[in-house]
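For the sequence shown, numbering that gives the first Met the number 0 begins at 0 and goes up steadily by one.
Even glycine gets a Cβ: it sits at the ideal position worked out from N, Cα and C.
Quick caveat: nothing in here was measured; it's all calculated off a predicted structure.
Notes to accompany the following structure.
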Amino acid sequence: MNVVPITLPPLRERTEDIPLLIEHFIKIFGKRFNKTITNVSSDAMDLLLDYPWPGNVRQLEHAIEHAFIHCTGRIIQTGHLPDEINQKSSLLINRIINTENPIKEIEKEVILSALRKNNWNREKTAKVLKISRITLWRKMKKYSIQNK
């Protein structure tokens with residue numbers, strides 16, 4: 000059976016796949032639950048893109064199914080997502096507040112998040128952050144952020 004093994008990197012390294020997978024799961028669960036949910040709010044999408052997905056695609060599928068069960072409208076909101084996805088942002092904020100320099104830590108996390116969302120494309124990330132590529136490069140160096 001194992002003629003040609005296919006190795007995929009973990010979902011946390013393929014964040015560009017997350018919106019496509021969400022769209023796919025919305026279609027599947029829309030039929031299964033007979034609901035007309037059409038999309039995910041931008042805040043919910045941000046949480047989903049930032050989450051590390053230790054359970055990979057299956058965990059994302061379960062998160063969208065959970066949201067379908069709790070959503071009564073047409074758009075999945077952050078409150079419809081499982082607690083562990085919402086709590087990650089709260090835990091991050093608490094961790095940052097307790098650091099020596101919270102403002103620098105916030106800037107580092109914002110840069111990391113933007114890089115992940117843009118698949119580590121520095122040009123796109125700089126545009127999203129409204130800074131030059133050189134400034135982004137300097138900040139990455141300052142915070143020891145390695146390019147993937």
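Three-state secondary structure assigned by DSSP to residue i
{"i": "Asn-120", "result": "coil"}
{"i": "Ile-5", "result": "coil"}
{"i": "Ile-74", "result": "strand"}
{"i": "Asn-55", "result": "helix"}
{"i": "Asn-85", "result": "helix"}
{"i": "Ile-144", "result": "coil"}
{"i": "Thr-98", "result": "coil"}
{"i": "Leu-80", "result": "coil"}
{"i": "Ser-112", "result": "helix"}
{"i": "Ile-105", "result": "helix"}
Exposure label - residue i; buried when at least 16 CB within 10 Å
{"i": "Thr-124", "result": "buried"}
{"i": "Phe-24", "result": "buried"}
{"i": "Ile-63", "result": "buried"}
{"i": "Val-39", "result": "buried"}
Alpha-carbon spacing of residue i relative to residue j, whole angstroms
{"i": "Leu-111", "j": "Ile-144", "result": "8 Å"}
{"i": "Pro-101", "j": "Lys-107", "result": "10 Å"}
{"i": "Val-109", "j": "Thr-77", "result": "19 Å"}
{"i": "Thr-14", "j": "Asn-118", "result": "7 Å"}
{"i": "Leu-19", "j": "Thr-6", "result": "19 Å"}
{"i": "Ile-36", "j": "Glu-99", "result": "43 Å"}
8 Å Cβ cutoff, residue i in contact with chain B
{"i": "Thr-14", "result": "No chain B is part of this structure, which consists of one protein chain only."}
In chain order, which continuous runs of the alpha helix (DSSP H) of length 4 or greater are located wholly inside the segment 7 to 56?
-> As far as the segment 7 to 56 is concerned, its whole alpha helix (DSSP H) runs of at least 4 residues are 17 to 32, 41 to 49.
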